[in-house]
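Listed in order, the protein sequences are those of chains X and H.
Heads up, the first sequence stops at 73 in my numbering, and the numbers go up one at a time, no gaps.
Heads up, the second sequence stops at 602 in my numbering, and the numbers go up one at a time, no gaps.
Everything below concerns the one structure shown next.
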Amino acid sequence: MEEKIIAIVSRITKKDKEFLADNYDTIKLWDSLSKVEIVFELEETFNITFSTDEIAVMDCLSNIIDITKRKVS
Amino acid sequence: MFELQRFLFEKEPSRLDLLEYEYKSKNEFTIGIYRNHSFELVEHTITAYLDYADINAKFIYSDYDDSLTFFNLDLSTDMLILWLDLSKYNYEDIKTFIKERIDFLYKIYPNPILFVSFPINLFLSDDRLINYSLESVKEKLGDQFTDPRLESFSGTKLSAKACMEISKNLGLNYIPALLKPSIKAVIVDLDNTLYDGVLGEDGIEGITLTDSHKRLQQKLKELANKGFFLCIASKNNESDVLSLFNQRIDFPLKINDFTKICASWDDKTDSIYKISRFLNIGTESMLFIDDNIGELFNANEAYPNLHTIWARDDANITLKVLSNYPGLLKLKQHKEDSIRRQDVIANQERNKLRDSMSKEEYIKTLGIELTFHIDNIEQATRVAELANKTNQFIFSYKRYGQEAIKSLMMAKESMVITVSLKDKLSDSGIIGTCVFIHHDDYIELEECFVSCRALGRGIDEIIVLGAIVQAQNFFGDKKLKVNFIKGERNLPAETFVLSFLSNNVSQENYFSYTIPKELFSIKVVKEKF
């Protein structure tokens with residue numbers, strides 16, 4: 001699942017998967033509109049719905065992966 | 074060749090697919106977005122749709138401005154989208170406020186304006202701007218139309234699904250309708266396009282009208298009723314085709330819906346050429362629908378600017394493409410739309426008459442009535458439409474918008490003369506326009522365009538030169554300067570200019586012309602302010 005999430009983030013932000021993997025906890029790698037696109041795609045792919053609070057903290061890859069995993073399980 | 078058609082209408086592309094799509098079109102336009110909420114989510118998924126319309130758009134954004142000051146508005150954009158979330162306003166009379174601000178906008182912005190509002194569709198009954206209602210998107214998506222949860226991140230209450238629907242409607246329909254010349258004729262193949270089966274093999278009763286083919290035919294009939302020329306290019310015997318439409322009473326399309334039928338064993342590129350000659354329009358204004366990709370390929374090779382749809386076995390897909398094909402959305406209906414087909418058919422009669430007598434006798438027999446309207450503001454919409462779709466008889470490609478025409482009509486130093494034409498065979502409505510600017514001691518013919526429907530009747534001369542005489546009479550100047558720009562397809566205009574106005578091109582010289590009043594009935598209607 002992690003790989004799938006990284007692939008989605010990579011396609012939307014146009015940043016290499018390797019780069020993202022090396023920057024798990026780096027914030028501000030994308031703007032708020034890219035974040036919204038990431039949310040749309042994750043919700044569509046995993047058939048989940050994030051809350052406003054969850055979306056608010058999805059500013060780095062590690063948070064996105066944690067929240068998505070939690071949501072799916 | 075039809076990859077993009079299949080991508081958009083068969084693959085059902087995901088948001089991510091659309092997000093990653095990049096323009097191939099080199100046809101660049103700029104679109105201003107004046108807004109009080111975010112449009113970016115629409116822009117993210119619009120590229121493929123605009124590319125299908127051969128538009129490469131750059132969007133230029135305003136800040137979020139609830140007060141609609143229009144400060145720092147980029148006036149050079151090709152069109153403007155006014156993109157408003159009306160829930161941000163507390164005014165009771167929001168409509169009056171918006172109308173006032175739009176009135177101000179008209180004074181400073183000359184190009185087309187598209188108004189898009191929600192949660193209510195504030196339909197502004199004003200012919201100066203186009204209203205795109207989101208009601209159908211709202212109806213389709215129900216609760217999923219908005220997504221307030223994301224507003225603080227996205228800048229809009231609209232959901233991702235709503236934004237995708239809006240991208241599609243704007244990209245395929247509204248933006249092309251405002252930026253590009255419209256399609257005038259739809260040419261259809263018959264076998265496996267309008268029905269399932271092959272007429273020559275299965276016979277009239279053997280071919281099947283599936284439900285989806287029936288809906289496709291209904292759509293084509295609707296287009297014919299809206300003023301598009303509907304024609305047939307089919308490899309069949311003409312007599313079989315005529316019998317087919319007479320005998321299959323279950324077909325929504327009837328023989329009278331077609332303006333021209335080319336059914337023969339000739340190459341379809343020849344049929345397309347014949348139709349183009351008959352209608353007197355260029356192939357860039359024609360859409361050809363065929364199930365045979367080889368025929369489509371040949372047609373596009375012969376006429377690279379011809380629009381084409383690959384008809385699929387599942388006619389629902391063909392219908393989906395046709396219903397969204399760029400250039401087929403008519404934003405305004407004019408009197409001329411309903412008389413166009415009748416007028417072209419009357420041209421056949423005119424040609425027969427012309428071949429049997431002298432030019433003078435022919436003109437007298439037709440009983441032509443010409444009306445020169447001076448600055449009739451009610452005609453501004455039709456004039457702007459004609460300015461944007463005329464390609465053959467046009468002098469300088471000004472491509473005025475409606476507002477620009479109105480300003481020219483209202484200004485003291487300019488004049489817009491339209492020419493309406495009527496004869497015994499048909500009422501053609503407004504068929505030509507001349508725009509004049511009055512300088513100190515001469516008149517400048519800034520632009521002139523005449524509909525292709527009026528050409529070839531031997532009266533081009535009086536339409537244009539007659540309008541010049543009216544302007545000379547009004548302004549009292551005999552010196553004339555004519556603007557002319559040679560374009561790709563305005564050879565008829567060039568020939569005319571060389572024959573009648575060569576002394577006046579780009580230079581002020583005396584000009585005089587005597588209207589042959591004995592041949593025509595002439596009326597002048599002055600409405601100058």
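Ideal placement from N, C-alpha and C gives every residue a C-beta, glycine not left out.
Nearest-angstrom beta carbon gap, residue j and residue i [assumed within contact, 8 angstroms]
i, j, result
"H/K253", "H/Y122", "With 8 angstroms as the limit, H/K253 and H/Y122 do not qualify as a contact, their Cβ atoms being about 13 angstroms apart."
"H/L303", "H/F331", "5 angstroms"
"H/R222", "H/N353", "H/R222 to H/N353, Cβ: 56 angstroms. No contact."
"H/L77", "H/T118", "With 8 angstroms as the limit, H/L77 and H/T118 do not qualify as a contact, their Cβ atoms being about 15 angstroms apart."
"H/A484", "H/K471", "That pair is no contact at about 15 angstroms."
"H/Y182", "H/L146", "7 angstroms"
"H/N467", "H/I532", "Note that residue 467 of chain H is Ile in the sequence shown, not Asn. Their Cβ separation, rounded to whole angstroms, is 17 angstroms, which puts H/I467 and H/I532 out of contact at 8 angstroms."
"X/I8", "X/L42", "6 angstroms"
"H/L481", "H/V489", "5 angstroms"
"H/V570", "H/H446", "23 angstroms between Cβ atoms; not a contact."
"H/L538", "H/F573", "6 angstroms"
"H/I362", "H/T229", "No, H/I362 and H/T229 are not in contact; Cβ-Cβ is about 37 angstroms, not under 8 angstroms."
"H/D48", "H/Y162", "Absent from the model: residue 48 of chain H. The displayed extent of chain H is 74 to 602, so no value can be given."
"H/L311", "H/A336", "It is Glu, not Leu, that sits at residue 311 of chain H in the sequence shown. Sure, about 4 angstroms apart at Cβ, within 8 angstroms."
"X/I64", "X/I5", "6 angstroms"
"H/S493", "H/I504", "7 angstroms"
Any C-beta of chain X under 7 angstroms from that of residue i
i, result
"H/S227", "yes"
"H/A233", "yes"
"H/A108", "According to the sequence shown, residue 108 of chain H is Arg rather than Ala. For H/R108, the answer is no, since every Cβ of chain X falls outside 7 angstroms of its Cβ."
"H/L267", "no"
"H/F602", "Summary for H/F602: the model assigns pLDDT 48, below 50, so the residue's position carries little reliability, and this model does not support an answer."
"H/R413", "no"
"H/E519", "no"
Chain X residues whose Cβ lies nearer than 9 angstroms to that of residue i
i, result
"H/A544", "Near H/A544 there are no residues of chain X at all, since even the closest Cβ is about 53 angstroms away, more than 9 angstroms."
Chain-ordered neighbours of residue i on chain H, where CB pairs are closer than 7 angstroms
i, result
"X/F40", "R88, A233"
"X/R11", "L89, E93"
Proximal residues of chain H, C-beta to C-beta of residue i below 8 angstroms
i, result
"X/K35", "F226"
"X/I55", "R222, L223, F226"
Extent of the continuous beta strand (DSSP E) to which residue i belongs
i, result
"H/S56", "This structure gives no information on residue 56 of chain H, because the portion of chain H shown stretches from 74 to 602."
"H/A604", "This structure leaves residue 604 of chain H out entirely; chain H is present only between 74 and 602."
"H/I248", "Run containing H/I248: none in the beta strand (DSSP E); it sits in the alpha helix (DSSP H), 248-252."
"H/T587", "H/T587 -> no beta strand (DSSP E), and no H or E assigned at all."
"H/Y134", "129-137"
"H/G505", "500-511"
"H/I260", "258-261"
"X/V57", "Segment: none, X/V57 is in no beta strand (DSSP E) and carries neither H nor E."
"H/D158", "152-158"
The alpha helix (DSSP H) enclosing residue i, as first and last residue numbers
i, result
"X/S10", "2-13"
"H/Y107", "Not the alpha helix (DSSP H): H/Y107 falls in the beta strand (DSSP E), residues 101-108."
"H/C236", "233-241"
"H/V189", "Careful: H/V189 lies outside any alpha helix (DSSP H), inside the beta strand (DSSP E) at 186-191."
"H/T391", "388-396"
Under 7 angstroms by beta carbon: chain X residues contacting residue i
i, result
"H/E113", "L33"
"H/H117", "E37"
Any C-beta of chain H under 7 angstroms from that of residue i
i, result
"X/T52", "yes"
"X/K28", "no"
CB contact below 7 angstroms: residue i versus chain A
i, result
"H/D550", "Absence of chain A from the displayed structure is noted, the protein chains being X and H."
Q: Return the chain-ordered ranges of every beta strand (DSSP E) run that is complete within the region 299-369 of chain H and spans a minimum of 3 residues.
A: 302-307, 333-336, 359-363
Q: Output the residue ranges of the alpha helix (DSSP H) runs that lie fully inside the region 427-471 of chain H and measure 4 residues or longer, sorted by chain position.
A: 432-439, 453-462
(Q) If we require 4 or more residues per run, which alpha helix (DSSP H) segments fall completely within the region 17-44 of chain X? (A) 17-22
Q: Could I get the ranges of all uninterrupted beta strand (DSSP E) runs contained in the region 523-568 of chain H, with 3 residues as the minimum, in chain order?
A: 552-555
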